[in-house]
Every structure is written in C-alpha cells, then in structure tokens.
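Structure first, then comments.
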Ligand SMILES: Nc1ncnc2c1ncn2[C@@H]1O[C@H](COP(=O)(O)OP(=O)(O)OP(=O)(O)O)[C@@H](O)[C@H]1O
Ligand SMILES: [Mg+2]
C-alpha cells in the first residue's frame, strides 16, 4: 500500500510545517526566559497584537475608531490610504520596539528582584491588557492579512513528486515560506548572539546578572532589547499565522501550544524550541492520522499536552535543556 | 614620605604616587537596622595600591560595593577626580573606567574564557545597535581589534591554554585569574579586587601578587584591594585602611597600621566596649 505510506508522509510534512508556527512562538518565549527568567505568558498575544497592528496599518484603519465613533457620534473607519506591505511591516516592527520600551518602563522596572511567579502573573495581566487594547484599537472582527506571500498548494511540488513517486504531495506554499523564514530567523539570531557585542551582552545577562552589571551592561537596556527581539519574532509568527488563518483572537491561543513545545525542547534552548515545535506539529498530525480514527478523533486538542506530560515525567529538563543536578 | 601632600608622594621603592583619584567622604551604609559602614572617609591616590583590611563582617566588601555602585550609601559623598559623583548604577560606574572582581567570583559560567574576557571590552566598544546590525563588516572589524587587546591580557595573565574552555569547568584558582583578566580587559583606571587570593595555595598567591604588582607597574592602574593575608597586604600595598565593625580604626602605611594599637586589638579580638 504505497499510497498509504505516501499519504502518511504527506501528513507528516504538513505537521512539520504546522510545527514551524509553534516553534516561532516558542522561540519568543525562550529568548525572554533565557535572558530574564520570566515566563512570558503574553508571547502569543504579542503575535496577535503585531498581526492586528500590521493589518490596521496596511489597510489604513483609524485606531480606536469604534471608541471615537461611540463618543463623538462620528463615522470614522479608514484614513483612506493603504500602505505597501514592506512599509507596514517596518512600522509594525517599530511599534513592537515601542511596546518593549513601555513594558520595561511601566512593568519590569517596578518588579526587579521579585519572585518569578510575580513576574509570571504580571505577564498574564499584560496578555489580557494587550488583548483588550488590540480589540479597542483595531476591532474584534476577523481580518484578512495579505503581505504578498505565496498562497495555495505548490503545483511544482505536486507535479514533481507525482512524476517521481506516482503520488503528488500537497504542500502549501505558505508553509514552505514559513519554514524558510523561521530558518533565516534562527540563523540571524544565532549570528547576532554569537558575533555582536549586544549578543554577547545578552548571553552575559542570561548567565549572571551581577557579573553583567560589573562589566558595564545596563539591565534595563537589555530588557528592552530582548523584548524588542521577542516582539519582532512575534511579528513574524503573527504574519505567518495571520496569512494562513486570518487575524483573529484565537491566535493568542497558539501561545498555549507553545507550552508543551517548551516542555519538550527545554525552556532555555533555541534549537530546543525549534525542534520541539516540529516534533509537536508532526506528532499531533501523525497521531490524529494513525490513532485518531480508532479513538474518536480530535486528538490534536490534547496530544501535545500528553506528550509534554510524558516528557515531564521522564526527562524534565527537556530534550536540549541543561540537566538539572541538585547540588548537595 | 609625605602622604598628606596633595600632589602625591614617592613610595619606599621609588614609585611616584599622584593626587587624589577617589575620595570617600563620611560614608554610612545601613541594611535595615544593621550598620555595615559607619561614617568612613578615606582616599585613593592615582597609581596607588590601596588595601582595605579588617576582620570578617567589618564592612570591607560593602565599601567596595559602594565604590562600584552596587550599594547606595544612606549618607556620604563619593568624589572622583575632583568631582562629586552623582548616584550611579553599577554599569555607569563601569563606564567610568572602574572595573572589579567579586569575593565569590561572578563569571559567566556557561561562556568560554575568551568570551568572558571579551565582555570586559563592552565599555570600550562604541558602535551602536543599528550600526552593528547594518554594517556587519565594520562590526566584525571592531570585534577583531578588541579581540587583539583581549589576547594581550590573556598572554599577560598566562592563561592561553584555557582560552576556549567553558569557565564552569575551571578550578577555583584559574577562575579567579579569569575574573581578573575580564576586569583588566576593560583597561580600567581603577581596579577593585575583593579578596583576589582567597582560597589559593601559596604558589597561586605568589602568582597573583606578581600579576597585581605588574598591572600597577606596567599600566599604571590604580588598585584597591581587600585581603586577609597580612603578609600579602604588607608586601603589595602602599597604604592600608583598617575597618572593624563598620568603622575605620586605622589608615596609613603597612608599618603604621601594623603598630597601631586599635588595629592590634581588633585582630587579637579584644572585646569591643561601646
Ligand atoms: N546585601 C546585604 N544585605 C544585608 N546585609 C548585608 C548585605 N551585605 C552586607 N551585609 C552586612 O554588612 C556587614 C558587612 O558585610 P561585608 O560583606 O561588607 O563584610 P566584609 O568585611 O567584606 O566581611 P568578609 O571578610 O567576611 O568578606 C555584615 O554584617 C553583613 O551581614
Ligand atoms: Mg567581604
């Protein structure tokens, strides 16, 4: 039954591609966690907010127009212009940096030396605040995001694989782009971290705050820097996810899928976030395909969490996390 | 020698010490109800090796932390090269050319020796974030220039053989040396060393003493150090501040403090009557 084999392979490939999205969100988590020990619950909402802002800017939406209309009885919606995708993306990146500055100034600065759980709670607050802000600024309807990325099934791959194997693989072009972009992002981040002074400063802070201070690193600057980078990663995730499924508030729920990804990959490992995302994406699609029908389907809702639970029991540090050895 | 001369003095071994570099004026530091430092004043001269000694808990590390901006004193002023220093964060103090090591070693354990020492160059690296991202070639050229300086420090401290080793794997004595290397990489005007020889064997102590003297001699770096080993203190330092229970009980040349009755009492553990 070669066709079943090919079909399973196709399911696996599509799972891998879906996993890229998880990886992207998990990557944002890892960056912040590594540098500051903060578990940023708001990472998914950051992606949502970035996507909303991007669409809003691109379509020339007037921010807060609902509120303005409600108060002043006006009927404002659009500025009447649209922005090219590149410009809108660049502006959104600037907005994300501005957001990082505000988060540092109004939240993190006041919580230095607090327990991790307090910081975690603060990011939950931030998540709901941003979700509300996104709603009030840009409205809660589902929006179409089109930054000109290729869409639809790649016919080249379909014909090529059909000619080779006698089975045409259905692969979404957008998924391929997402995978390439994610790979480029990881390479860029690695180069930045290994070969620039700011990358070195980031690694230094992640390793030891006190020592970092003594060599002249400003922690406040570093917080703004990592939240900016995480914001940028969120923007990339938002673009990919939004192009695929439209910009909608359920986007923030992908953050929850990033959690099992982190359990698998380890909270402090960038390769872990990537590989973890791919495994979860692939695993849940394959499981749904092979076992799902026997147990009534809809396994994608829980598969990732159960897998993460197994990891917690047998390998709590994750695939790539440093081994936890208690010093006695 | 006349150590009150504002223009400096000449040491017994013929080194020329300059005017006041750093002056601590009536510093008081409290943690809740505990006074770690009470109303202490002293100065550090350009080119000098200044020791701070005293029994455990005397407040020596606290004083170093005040100088480097880690602790903010409740009272008193810090003067640097003739100007009163506003309250500063540690990274700002580092930016002024004041580098330090820690009593309990604070290194980046997960990074290589080379990378650790490279972080010492951060205060000297000027190009901004966007420039680094946009002109990759120029950023790399800058990196290479700093790398050369770092290699010099590595040669100077004789740690070539461990350049690529992750710091976490090094024995204690070498960690202390890497920490010194990181501080030296900043080409500091003032170097603060908190017990640089604690926990070392005799041979390691001799090496470290030699490095400290060489740094002072070759680069003219001013050094303030805390040390428990009296022999070392007497050999290395030009002047000594003695602290006990947060108060200054002596200040002068090694010979002077050695013969100071209050100092002798503190070290012999004579009871402290209020
Ligand atoms: N961060 C802190 N919080 C509370 N108390 C502190 C802190 N740092 C120092 N102290 C207290 O201040 C006093 C002086 O401590 P300090 O570390 O400066 O002494 P020291 O002279 O360096 O001692 P040692 O020789 O043991 O290193 C001690 O009573 C110490 O407990
Ligand atoms: Mg101490």
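Residue numbers (the numbering used here), protein chains in the order written: chain A, 860 to 1187; chain B, 98 to 371.
Glycine included, each C-beta is placed from N, C-alpha and C at the ideal position.
- Scanning its chain for C-beta atoms nearer than 7 Å, with the 5 sequence neighbours on each side dropped, one finds around residue 924/A the residues 935, 936, in chain order.
- Taking 8 Å as the cut-off, the beta carbon of residue 1085/A is found closer than this to the beta carbon of residue 891/A.
- Looking at the DSSP output, residue 319/B bridges to 287/B.
- Here the segment 895 to 903 of chain A lies against the segment 979 to 993 of chain A, with 3 or more beta-carbon pairs under 8 Å apart.
- With respect to the C-alpha of residue 333/B, the residue from 114/B, 147/B, 138/B having the closest C-alpha is 147/B.
- For residue 951/A, not one C-beta of chain B is nearer than 8 Å to its own C-beta.
- Taking the Cβ of residue 150/B as the reference point, every heavy atom of ligand 2 lies at 7 Å or farther away.
- Annotation note: the segment 224 to 287 of chain B contains the following uninterrupted alpha helix (DSSP H) runs of length 4 or greater, listed N- to C-terminal: 226 to 231, 233 to 253, 269 to 282.
- Leaving aside the five residues that flank residue 174/B on each side, the residues in its chain whose CB is nearer than 6 Å to its CB run, in chain order, 122, 181.
- Residue contact with chain B for residue 1125/A: absent (no Cβ-Cβ distance below 8 Å to any residue of chain B).
- Counting only runs of 4+ residues, the alpha helix (DSSP H) found wholly inside the segment 294 to 342 of chain B occupies 299 to 316, 327 to 333, in chain order.
- The set of residues with CB atoms less than 7 Å from any heavy atom of ligand 2 reads, in chain order, 157/B, 158/B, 200/B, 291/B, 292/B, 323/B.
- Looking at 998/A, 1148/A, 1067/A, 1179/A, the one whose alpha-carbon comes closest to that of residue 199/B is 1067/A.
- Contacts between residue 284/B and chain A, judged by CB atoms closer than 7 Å, are missing: the closest CB pair is about 12 Å apart.
- In this structure, residue 1142/A sits away from residue 1179/A, with a CB-CB distance that is not shorter than 8 Å.
- The beta-bridge partner set that DSSP reports for residue 175/B consists of 121/B.
- Interface flag for residue 1040/A against chain B is unset, since no Cβ pair is found closer than 8 Å.
- Using a Cβ distance threshold of 8 Å, residue 1106/A and residue 914/A count as a contacting pair.
- Close CB contacts of residue 1064/A within its chain, under the 7 Å cut and outside five residues either way in sequence, are with 894, 1071, 1076, 1078, 1081 (chain order).
- Sixteen is the threshold: since fewer than 16 other Cβ atoms of the shown chains lie within 10 Å of the Cβ of residue 358/B, the residue is exposed.
- Residue 201/B carries a coil assignment under DSSP once its states are collapsed to helix, strand and coil.
- Going by C-alpha positions, residue 942/A is about 24 Å away from residue 227/B.
- Within its own chain, the residues whose Cβ lies closer than 6 Å to the Cβ of residue 1170/A, once the five positions on either side in sequence are excluded, are 1122, 1123, listed in chain order.
- When the beta-carbon positions are compared, residue 1074/A and residue 242/B stay at least 8 Å from each other.
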